[in-house]
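Chains as they are written, first to last, in this note's numbering: chain A, 64 to 384; chain B, 64 to 384; chain C, 64 to 384; chain D, 64 to 384.
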């Protein structure tokens, strides 16, 4: 039986690894418009302007790129404990840690593919310093006047050897709802979108054709408007940020998108869902066939080849990018 | 103790009364871009293009204007029964009916101010006829090529003699979460915003200074973009739709808005929330003081006088509008 | 010596041929939002909402597709006579006709590639009937509530065997200013953009690789916003209008674009220039090399193959489309 | 007889006076996104990203606010000399100077109200340093990643005791075309809009009820989109820039606008004309009556009181602002 909906409230933040911390930091602050909110060791804590928590992203210097951790906030202390209990009953080993500023204890485990997943409840509400105070009291921080000015971390897209198994982990042990998927002619699930919220997706699994484990396809930040994404494309053009594909509209989930690479090599999506939400409690999982998927994106753009080959960390760093 | 979150999934639809059914119908179809999905007696059933249910709005010919019913969809049959049980335990009399196409039984009760509230679970998923088939399978219906093309019914703003009592009804008996409120200097709550979802509000109570009961301040439809609202203002200008105020941005909830009157006299808001959502499970109720409220809207627009006086049905129909 | 700038005021309208008049008419009215303003014989006269003249487009039933006439409005009667005199002195034969409603005499000649070009001065200002009266007196007609709602005919892109010769015709005999061009490695001009106004282009010549004469690459209509073009793409998706490529941003001229085919087979561009204008009286012709052109569009989209092969009328109607 | 159209190519730049040079400089660079391009004495030269010339704005420290100079670029050396000759024949004394970097000789005179007007032809084309190189060669400079990122100086709105006389000066001696005006019931012209280009206005005269001379109502910068202006309003809200009125749409000229005050006290408009242009060579001057003007802006916003009282320099600096 599925767990009660709602034990996981939302995607909290991710930790991204980069072999070029300075370059990545410039990308996330100057280009995306995130704000630095502390440093510790090799890590820098960054936040989007509408995040109520301490940080939305941890950038950590590393020998290569990739994703280290995805942190999910529970809906309550009880919800957190309930999830931990279910995970352990299902044989998912975890450990408790308290290694992030602004957060209480995190229960750290992993999905079947090996991506680290951390659950937590306690979280300090962010208090903006004077120079970042917003004009309205229902907003955590002033909107930055520079860069794209993304509102929030929107979703994570994981590469995984076995999409279905990892999606099941999120659905049955964390309470996510699957909303859309791609099913190949042979029956295999090539990608699956799941959500903890009324957003139509918070996490995605995409098949890693290379068979490697624990890699990242991309993380995504939401903008307020499609115009923000068009402006982001122009800023990328004028400042040398590499655009992989877009702007265009996805057929699946209908998100308006732009894909760029940050200097560390990780793929970053800028996304805008318009006002689309999944409000139906009985939303039926939508399945796209291989033929439907082959039609490309919503307005006809063909899916770019590198979308099927580029993941982080790269398999052969010398050959990539 | 508060009920578990989530028994009410979302706002389903409303029934609006109009003394000018033909005029109102033209407004909702030609101007807003809703689609007629059946008629019965004095009522016409209408739907927005992204509604998965049979209808988003019932328009009913009547001697005057106003709101007859607000229907809320439960998250499951169990959730529905749980809410009914709690309502009855709290002394709220209700009755079961099955008077709407595409829906199963509705439990009809009322908020303390006398606004009819109906709860239901069973709902047929809409199947578009060929001429309204969408280009993408994750969308219920083609987006209309005419009018504003609103995506969904977004929220209801009720006038009520006692805002706090009615908000409590939604919070404690229906499981809504309050997100923002206005508190007058004397302590009275002048308006309160509540939500069943990750949207920052689904229902609002605004103080009715006239002391009358059961009236409507406005219903709102969400557009995909702020540009849709600017275009809507131009269409209103060229077709004679009465604009009360806007476009502008609310300080409270930060919604981009345009208020118009439909020919029956009911106030209709076109609203765009950008990508703002309330994801925090521990969102603290934000209180705006009388002085803060007096500052007007986000960018400085003063709140228009009629905003405090016009409600439907009008108290003195001859004097209104 | 170049003629004085300004004898030609602006692009007036074009006559488009279609083997499917009914289908084309539905496209231009229902989808683009043009208004029918009279019929005559096999022709229907259509206008965009911000055109001050009788028509922006003539649609004529024909055995095949293509462009019959481009009409340019002179700045005055004297300017018209001056252009006719210069054309005739340069050996361009022409004839006077008065075959279009709302217009005085047209001097009809042709560019070197054989595209019919008509010059005129007298033009009746459009008076909207009551049902199309705009809300503001500085606008000729109400903005349509349906379809894309394009503001004006923006430019014509001709296919031509010899781009340079045809551009010279426009520059030296009609007074157009060249603003941008593509020069192939061998020195040949593959495309050239020219303007009569502060718009950065009104006419374009593109090399026709097939060696055929007098064909059309596309005509373009300007929208008010990029959002209008994104909405147009969604309407195309939901109503079955064929999208060839876009939305994206051109590197040359920086126009935001969407290319669709109308049912008669002619390529139609929806374009938005933002607020870009060429105000400099000494604007230097900008030359893009073959290598620069090969980089694709502004944000990296590769130029679609059919862009180099599809023109109207098709060379082999059976094979095309 | 009117001079030939086109001797004045476009508005070049203005010199603005400010009692708070540091504050004003921060406003124009941090908030509007202009780039500093040199300093000289008490003046700083600033440019918008799409200006091909050396500067779009000169900011000069002064004891009070206001406008010192408006510079108009001629279409050629001959055009410049022709204008000077006509001005002198009409009794308008002028002097030649060469006091601005990047420009050749300027002929400095004044309109009847005493506003300094300078005409020039020679102008060096701007070459961006490496760090400001744009991504596309048809653009002078990279679009700034911070602030509003206005594209160009759009127009100047002068206060004047006698609107008609000053408009006549622009029309008959400089070759501007009047496009719209407000005529009071008594027959007096209260405001008049004129253009040198296909833009619907470049200069505006508004009646100064105080009877003082040579004052400024506002200068305006054009953005690419209406969304840029909505974003600008949000940035103003979060950074404390004073919003006087807007965003909204003007009835006259239909411009989408936002009015703010820069720290020196001068009113600055951010404006977006969409794609509206005046292409008709025989555009009839549109006259708005006092009653039409009283209706307010396009979507119903009432004209703000300070719009009729605030000009720079202020008459009584102590009382203003």
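By construction, the Cβ of each residue, glycine as well, lies at the ideal position given by its N, Cα and C atoms.
- Counted as a single uninterrupted DSSP element, the alpha helix (DSSP H) harbouring residue 144/B occupies residues 140-152.
- In this structure, the alpha-carbon of residue 364/C lies about 18 Å from that of residue 334/A.
- At least one C-beta of chain C is nearer than 9 Å to the C-beta of residue 205/B.
- Interface residue (Cβ-Cβ distance to chain D less than 9 Å): residue 94/A is classified as such.
- A buried status is given to residue 336/A, since no fewer than 16 other beta-carbon atoms sit within 10 Å of its beta-carbon.
- In terms of Cβ geometry, residue 375/C and residue 247/C do not form a close pair [threshold 9 Å].
- The alpha carbon of residue 281/B has as its nearest neighbour, out of 124/B, 273/B, 320/B, the alpha carbon of 320/B.
- Residue 78/B: member of the beta strand (DSSP E) spanning 71-81, first to last residue.
- Look at residue 209/C: its C-beta is under 9 Å from a C-beta on chain B.
- Counting C-beta atoms within 10 angstroms of its own C-beta, residue 204/D has 16 or more neighbours from the protein chains shown and is therefore classed as buried.
- Assignment of beta strand (DSSP E) within the segment 266-343 of chain B, counting only whole runs of 3 or more residues, yields 266-270, 279-285, 305-312, 319-324, 330-335 in chain order.
- The residue among 94/D, 351/D, 116/D with its C-alpha nearest the C-alpha of residue 361/D is 351/D.
- Legend: CB atoms of the segment 290-313 of chain A lying less than 9 Å from CB atoms of chain D belong to residues 290, 291, 293, 294, 297, 298, 299, 300, 301, 302, 303.
- Just measuring C-alpha positions, the residue of 162/D, 260/D, 89/D sitting nearest residue 210/D is 89/D.
- For a cut-off of 8 Å, the C-beta gap from residue 76/B to residue 216/B is around 6 Å, short enough to register as a contact.
- Pairing residue 269/C with residue 254/C gives a Cβ-Cβ distance under 9 Å.
- Around residue 288/A, the beta-carbon contacts reaching into chain D at under 9 Å are 290, 293, 294.
- When Cβ-Cβ separations below 9 Å define contact, residue 364/B makes contact with chain D.
- The segment 216-233 of chain A makes contact with the segment 164-176 of chain A: 3 or more CB pairs, one atom from each, lie closer than 8 Å.
- For chain C, none of the residues of the segment 340-357 of chain A brings a beta carbon within less than 7 Å of one of its beta carbons.
- Put simply, of 187/A, 342/A, 125/A the residue whose alpha carbon is nearest the alpha carbon of residue 240/A is 342/A.
- For residue 191/C, there is no enclosing beta strand (DSSP E), as DSSP marks it with neither H nor E.
- Residue 354/A counts as exposed, since fewer than 16 other beta carbons sit within 10 angstroms of its beta carbon.
- For the segment 319-343 of chain B, the beta-carbon criterion of a distance under 7 Å to any beta-carbon of chain C is satisfied by none of its residues.
- Looking at the backbone, the Cα of residue 151/B and that of residue 141/B are separated by about 15 Å.
- Annotated as proximal: residue 108/C and residue 102/C, with beta-carbon spacing under 9 Å.
- Straight-line spacing of the CA atoms in residue 311/C and residue 357/D works out to 42 Å.
- Counting of Cβ neighbours within 10 angstroms places residue 207/B among the buried residues, the total reaching 16 or more.
- In chain order, 296, 297, 300 make up the part of chain B whose C-beta sits under 9 Å from the C-beta of residue 361/D.
- In this structure, residue 74/D sits near residue 218/D, with a CB-CB distance shorter than 9 Å.
- Assignment of residue 106/A by DSSP, reduced to helix, strand and coil, places it in the strand class.
- Contact with chain C is found for residue 200/D, since one of that chain's Cβ atoms lies less than 9 Å from the residue's Cβ.
- About 7 Å separates the Cβ atoms of residue 127/C and residue 80/C, confirming a contact at the 8 Å cut-off.
- CA-to-CA, the gap between residue 182/B and residue 143/B works out to about 7 Å.
- Residue 261/D sits in coil when the DSSP states are folded into three classes, being neither helix nor strand.
- At a cut-off of 9 Å, the C-beta of residue 241/A has no neighbouring C-beta in chain D.
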